[in-house]
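Heads up: the protein sequence lines correspond to chains A and B, in order. For the record, in the first sequence the residue sitting at position 69 is 69 according to the working numbering, with numbers rising by one throughout. Throughout, the working numbering is defined as the position within the second sequence, counted from one, plus 145.
There are 2 protein chains.
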Amino acid sequence: MDQIDRALIAQLQRDATQSYAALGQSVGLSAGAVHERVRKLRERGAIRATTVDVDPKALGLGVLSYVMVDSNAWMGDTAAAFAALPEVQEAHVIAGAASVLLKVRTPTTEQLQDVLRRIYDISGVSGTQAIVVLETFFERPIAVG
Amino acid sequence: MDQIDRALIAQLQRDATQSYAALGQSVGLSAGAVHERVRKLRERGAIRATTVDVDPKALGLGVLSYVMVDSNAWMGDTAAAFAALPEVQEAHVIAGAASVLLKVRTPTTEQLQDVLRRIYDISGVSGTQAIVVLETFFERPIAVG
DNA sequence: GTCATAACCTGATGTCATTCGGTAGAAATT
DNA sequence: AATTTCTACCGAATGACATCAGGTTATGAC
Numbered sequence: 001m002d003q004i005d006r007a008l009i010a011q012l013q014r015d016a017t018q019s020y021a022a023l024g025q026s027v028g029l030s031a032g033a034v035h036e037r038v039r040k041l042r043e044r045g046a047i048r049a050t051t052v053d054v055d056p057k058a059l060g061l062g063v064l065s066y067v068m069v070d071s072n073a074w075m076g077d078t079a080a081a082f083a084a085l086p087e088v089q090e091a092h093v094i095a096g097a098a099s100v101l102l103k104v105r106t107p108t109t110e111q112l113q114d115v116l117r118r119i120y121d122i123s124g125v126s127g128t129q130a131i132v133v134l135e136t137f138f139e140r141p142i143a144v145g
Numbered sequence: 146m147d148q149i150d151r152a153l154i155a156q157l158q159r160d161a162t163q164s165y166a167a168l169g170q171s172v173g174l175s176a177g178a179v180h181e182r183v184r185k186l187r188e189r190g191a192i193r194a195t196t197v198d199v200d201p202k203a204l205g206l207g208v209l210s211y212v213m214v215d216s217n218a219w220m221g222d223t224a225a226a227f228a229a230l231p232e233v234q235e236a237h238v239i240a241g242a243a244s245v246l247l248k249v250r251t252p253t254t255e256q257l258q259d260v261l262r263r264i265y266d267i268s269g270v271s272g273t274q275a276i277v278v279l280e281t282f283f284e285r286p287i288a289v290g
């Protein structure tokens with residue numbers, strides 16, 4: 001993982017549709033060499049997947065919120081329970097007052113309420129605190145440096 | 146944006162490297178028809194970009210945290226100030242006690258402390274509360290339904 | 001200095017993206 | 001109802017590109 005690999009990752013984050021020849025141009029290598037480097041980055045898991053970035057609004061998911069989940073039990077093995085809720089985009093175990101932090105996308109705040117109800121149904125959950133996003137400044141890829 | 150478009154988006158989220166012929170197989174259309182549909186999804190902005198999903202650990206960014214920023218002024222036009230901090234991956238204006246919520250990735254907790262220091266330097270910021278993630282259950286694409 | 005390994009380049013091959021002409025169905029107009 | 005218009009689709013053709021292989025240079029170990 002040298003400076004060229006980082007440059008390649010940065011380029012691919014910006015636009016993963018560009019050709020290996022174009023990538024080679026921007027880092028000063030041949031298409032073949034770039035192909036081999038990217039293949040290894042995928043193999044090692046540094047590049048997990050090639051995906052598309054979708055506009056949530058286009059899917060009718062206009063409401064973004066973060067939910068702090070309080071619990072009265074060990075939450076270390078409840079990943080599947082949260083994953084079963086399709087509105088939950090991220091789930092993290094956190095240090096501090098609450099024990100789990102969720103990123104939730106719903107069409108409306110009414111549907112958020114319904115998600116909160118389903119969260120309460122999960123074993124060990126004792127309470128929730130929802131933080132509704134009013135405006136997203138930005139969501140961007142990880143900075144590669 | 147019909148059911149076929151949603152299926153295409155779901156497929157592309159899973160793997161954007163597959164051929165249009167393969168995509169056509171999974172939705173029952175020809176490669177040409179799929180090509181045209183995807184082109185329009187990009188044009189409309191439903192598909193914002195094609196990118197790679199990078200493992201933060203591979204870039205040495207092992208610490209994920211969320212930072213609640215308290216303020217004593219209107220924070221509606223401070224997007225650029227937060228965007229200037231490369232460790233900040235997301236920034237949202239939120240309803241509730243704090244006024245901005247940040248998603249921050251750093252190599253270490255010491256570097257998180259340094260980011261907090263730089264956040265304090267932003268005009269209008271009166272305080273911060275950092276929530277450190279102990280374990281990420283999952284981070285996944287938006288559910289297309 | 002020599003050997004071994006890894007990274008690279010160039011060129012060849014097959015696959016695929018992209019485009020085009022034509023067709024069928026749906027919707028709007030007369 | 002007939003006609004027109006528009007949209008989505010298919011199948012084929014073309015050119016670009018991913019992918020692979022053979023040979024070469026650079027890198028590092030002994």
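Every residue gets a Cβ at the ideal spot worked out from N, C-alpha and C, and that includes glycine.
Under a Cβ-count criterion, where at least 16 other Cβ atoms within 10 Å of its own Cβ denotes burial, should A:TYR66 be classed as buried or exposed?
-> Counted from its first residue, the first sequence places residue 66 of chain A at position 66. Label assigned to A:TYR66: buried.
Give the single residue among A:GLY76, A:GLY62, A:GLN25 whose Cα lies nearest to the Cα of B:PHE282.
-> Position 137 of the second sequence, counted from the first residue, corresponds to residue 282 of chain B. Of the listed residues, the one whose Cα sits closest to B:PHE282 is A:GLY76.
CA-to-CA distance, B:LEU209 to B:GLN274, given in whole angstroms = As a working mapping, residue 274 of chain B is identified with position 129 in the second sequence. As a working mapping, residue 209 of chain B is identified with position 64 in the second sequence. Taking the straight line from one Cα to the other gives about 14 angstroms.
Can you find a C-beta in chain A that's less than 7 angstroms from the C-beta of B:ASP147?
-> Locating residue 147 of chain B in the second sequence gives position 2, counting from the first residue. The beta carbon of B:ASP147 sits no closer than 7 angstroms to any beta carbon of chain A.
A:VAL34 - DSSP class collapsed to helix/strand/coil = As a first step, residue 34 of chain A must be located in the first sequence, where it is residue number 34. Helix.
Under 7 angstroms between C-beta atoms of A:VAL144 and A:ALA10 | Numbered from 1 along the first sequence, position 144 holds the residue referred to as residue 144 of chain A. Numbered from 1 along the first sequence, position 10 holds the residue referred to as residue 10 of chain A. Their beta carbons are under 7 angstroms apart, which means A:VAL144 touches A:ALA10 by this criterion.
Just curious, the alpha helix (DSSP H) that B:ALA152 is in, first and last residue?
-> Residue 152 of chain B sits at position 7 when you count from the first residue of the second sequence. Start and end: 148-159.
Relative to chain A, which residues along the region 239-263 of chain B have a C-beta separation below 7 angstroms, given in chain order?
-> Within the region 239-263 of chain B, the residues whose Cβ lies closer than 7 angstroms to some Cβ of chain A are ILE239, ALA240, GLY241, LEU246, ARG250, listed in chain order.
Can you tell me whether DSSP reads A:GLY127 as helix, strand or coil?
-> Against the first sequence, residue 127 of chain A aligns to sequence position 127. Residue state, collapsed to three classes: strand.
List the residues that DSSP assigns as beta-bridge partners of B:TYR211.
-> Residue 211 of chain B sits at position 66 when you count from the first residue of the second sequence. B:LYS248, B:ILE276.
Using a threshold of 7 angstroms, state whether the C-beta atoms of B:VAL277 and A:ALA95 are closer than that.
-> As a first step, residue 277 of chain B is located in the second sequence; it is residue number 132 there, counting from the start. As a first step, residue 95 of chain A is located in the first sequence; it is residue number 95 there, counting from the start. Cβ distance < 7 angstroms, so B:VAL277 and A:ALA95 count as in contact.
Output yes if chain B places a C-beta closer than 7 angstroms to the C-beta of A:HIS35; else output no.
-> Here residue 35 of chain A refers to the residue found at position 35 when the first sequence is read from its first residue. No, A:HIS35 does not count as interfacial toward chain B.
Whole angstroms is fine: what's the gap from A:ARG44's alpha carbon to A:ILE4's?
-> Reading the first sequence from its first residue, position 44 is the one you call residue 44 of chain A. Reading the first sequence from its first residue, position 4 is the one you call residue 4 of chain A. If you take the alpha carbons of A:ARG44 and A:ILE4, they lie about 16 angstroms apart.
Got a sec, what are the start and stop residues for the beta strand (DSSP E) A:HIS89 sits in?
-> Translated into positions along the first sequence, residue 89 of chain A becomes position 89. One point to set straight first is that residue 89 of chain A is Gln, not His, in the sequence displayed. Segment 88-94, the beta strand (DSSP E) holding A:GLN89.
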